[in-house]
Amino acid sequence: MSDAFLQPITGHILIVDDVPENVQLLSRTLSEQGHKVRGVLSGEMALRASKALPDLILLDIMMPDMDGYEVCRKLKASPLTANIPVIFLSALDAVADKVKAFDVGGVDYITKPFQLKEVHARVNHQLKLQQLQQQLMAQAETLNQKNVRLQQEIRDREQIEAALRVSEVEERNKKHQLSQTLEQLQQAQAQLVQQEKMSGLGQLVAGVAHEINNPVTFIYGNLQCAENYAQDLLKALQIYQRAMPTLPTELQTEVESLELEFIQEDFPKLLQSINVGSERIREIVQSLRIFSRHSEAEIKAVDIHEGIDSTLTILKSRLRAQADQAAVTVLKDYGDLPTVECYPGRLNQVLMNILTNGIDALEILRRAEETAYSHRQPTIRIQTKSLPGDRIGIYISDNGPGIPKEVQSRLFDPFFTTKDIGKGTGLGLSISYKIIVDHHQGELRCLSVPGKGAMFAIEIPVVQTP
Ligand SMILES: Nc1ncnc2c1ncn2[C@@H]1O[C@H](COP(=O)(O)OP(=O)(O)OP(=O)(O)O)[C@@H](O)[C@H]1O
Ligand SMILES: [Mg+2]
């Protein structure tokens, strides 16, 4: 840099001096150095000539009309000429004069009579400084433009990133909505399947009940008649026996082989047991009819106990003793309940799900082989009671193995099951929850002490408000 700095450099130079000889001398010597030189003899002329924007002005101080200080002040006051460096030329040698020269904006000071070498060196120095300054400004301008471009790029990038973030959030929201919709669809589908199953079961039960009802009514209606006929026949036989104490041998042998006395005594008992049996069938048919009537979909005020009993009737075959399983004892502890407004079919579905789960849980107690639970009599207890605030509660408990804490928190989740594939869909409790909470404004809770059993509490209002 210092070498470059020493290299001579040429430029446009304006010389201002009221002494023509000075102007000539300087013009000549500077021209010889390769500079383009213009000389003027007054401040006024200098101001005009400066409009051509020379690279440097050599300015005499002492001039008539307008001195060099005044010329320099005016040059610095105009934005057009303010940056042209001014070197003062003067015979004034006092420090105050030099200071004033710098104060008004001069960049250097050459004392007359001047040494030409000094003039060359100072001119060269100023031109070089100016050139460097221009280069620096050009570089600064380029840097500034780059900076502006970079900032624009950063802003663009930030905008793109923000847009990407927004679309990422939108994407996540969409995915969330989709999975929620899918879950709702699955639940709705599962519920439809369950309802279909229940109404199918209701229709089947209604059909069977109807078919059995006719012959049973027929048997039951004729039984009384059969009993009367039997009484009459037995009475007639006794009269015969009294009127003819001695029978012909052939007849006597036949009477003895028939054990007529036993028949006379046993026949009324037999008829009585047929009577009890057909009475029982009538009761079962009645339960089946209630169950199927409850399968209807509209809201109705019903006797909850009838619903529970008819559901138990449907489940009877699962409760009784099997070849390799003990029977389940069902204890009923029914309170005094008013009729309750509900969707009887859906409520039956809940009772069926909870009772089936209870029966499933008791399986381990019912097996013949020895287990930790073998000493327990498998039992389902159903309690009902009226609750304050016009509500009723149905509490179904079993003394099975209970439900571990980590399972309890997921019981009502759709598709949650601990049963083998094909045995449980994991929908029973989630659908029951929806039916009790959403359709009946009620509550469905589970209480379980693992190892001791489980209890499901259904609590619903007596009247459904729309
Ligand atoms: N009384 C109970 N004792 C022990 N565990 C129970 C009881 N009731 C429910 N559970 C547990 O809750 C799980 C979920 O029950 P849910 O009725 O929803 O489905 P599932 O019985 O497995 O299948 P699905 O009812 O659809 O056939 C069961 O798999 C079981 O682990
Ligand atoms: Mg179930």
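Each residue of the sequence shown is one higher than the one before, counting from 1 in the UniProt record's numbering.
A virtual CB, placed ideally from N, CA and C, is assigned to each residue, including glycine.
heavy atom of ligand 2 below 6 Å from residue i C-beta
| i | result |
| --- | --- |
| GLY428 | yes |
| LEU353 | It is worth fixing the name first, because residue 353 is Asn in this sequence and not Leu. Yes. |
| ASN357 | yes |
Start-to-end residues for the beta strand (DSSP E) that takes in residue i
| i | result |
| --- | --- |
| ASP103 | Not the beta strand (DSSP E): ASP103 falls in the alpha helix (DSSP H), residues 95-103. |
| VAL208 | That residue, VAL208, is in no beta strand (DSSP E); its alpha helix (DSSP H) goes 116-243. |
| PRO461 | 453-461 |
| TYR395 | 391-398 |
| TYR109 | 108-111 |
| GLU443 | 443-449 |
| VAL302 | 300-302 |
| LYS332 | 329-333 |
| LEU59 | 56-60 |
| LYS36 | 36-40 |
| GLU341 | 340-342 |
Span of the alpha helix (DSSP H) around residue i
| i | result |
| --- | --- |
| ILE13 | It is not in any alpha helix (DSSP H) - ILE13 instead sits in the beta strand (DSSP E) that spans 12-16. |
| VAL23 | 20-32 |
| GLU406 | 405-408 |
Close beta carbons around residue i, own chain, < 8 Å, minus the five adjacent residues each side
| i | result |
| --- | --- |
| THR10 | GLN33, GLY34, HIS35, LYS36, LEU127 |
| VAL285 | ALA209, ILE212, ASN213, VAL216 |
Heavy atom of ligand 1 within 6 Å of residue i beta-carbon
| i | result |
| --- | --- |
| residue 467 | Since the first and last residues shown for the chain are 1 and 466, residue 467 lies out of range. |
| LEU315 | no |
| ILE308 | no |
| ILE403 | yes |
| ASP333 | no |
| THR425 | yes |
| GLY400 | yes |
| LEU411 | yes |
| ALA361 | yes |
| ALA454 | yes |
Chain C contact for residue i (CB, 7 Å cutoff)
| i | result |
| --- | --- |
| ASP232 | No chain C appears in the structure shown, which is made up of a single protein chain. |
Burial state of residue i (16 or more Cβ within 10 Å)
| i | result |
| --- | --- |
| ILE458 | buried |
| LEU53 | exposed |
| THR371 | exposed |
| VAL276 | exposed |
| ALA163 | exposed |
| HIS440 | buried |
| SER2 | Since pLDDT at SER2 reaches only 49, below the 50 mark, its modelled position is unreliable, and the value read off the structure follows with that caveat. SER2 comes out exposed. |
| ARG293 | buried |
| VAL19 | exposed |
| GLY200 | exposed |
| ASN399 | buried |
| THR311 | buried |
| ASN144 | exposed |
| MET63 | buried |
| ILE239 | exposed |
| SER273 | exposed |
| GLN186 | exposed |
| VAL160 | Sequence inspection shows Ile at residue 160; the Val mentioned does not correspond to that position. Label assigned to ILE160: exposed. |
| VAL16 | buried |
Simplified DSSP assignment, three categories, for residue i
| i | result |
| --- | --- |
| ILE84 | coil |
| MET352 | helix |
| MET1 | Low per-residue confidence applies at MET1: pLDDT is 47, beneath 50, and the placement is therefore not dependable enough to give any value. |
| residue 508 | Shown here, the chain extends from 1 to 466; a query on residue 508 therefore has no answer. |
| ILE9 | coil |
| GLU261 | helix |
| GLN377 | coil |
| SER50 | helix |
| GLN322 | strand |
| LEU271 | helix |
| LEU75 | helix |
| ASP438 | helix |
| ALA361 | helix |
| THR249 | helix |
| SER430 | helix |
| GLY402 | coil |
| LEU411 | coil |
| LEU89 | strand |
Nonlocal neighbours in the same chain, by C-beta distance under 6 Å from residue i, ignoring five residues either side
| i | result |
| --- | --- |
| ARG381 | LEU331, SER397 |
| ALA226 | none |
| ALA301 | THR339, GLU341 |
| HIS305 | TYR334 |
| ASP360 | none |
| ARG318 | ILE359 |
Residues near residue i by beta carbon distance below 7 Å, same chain, minus five either side
| i | result |
| --- | --- |
| GLN252 | none |
| LYS98 | TYR109 |
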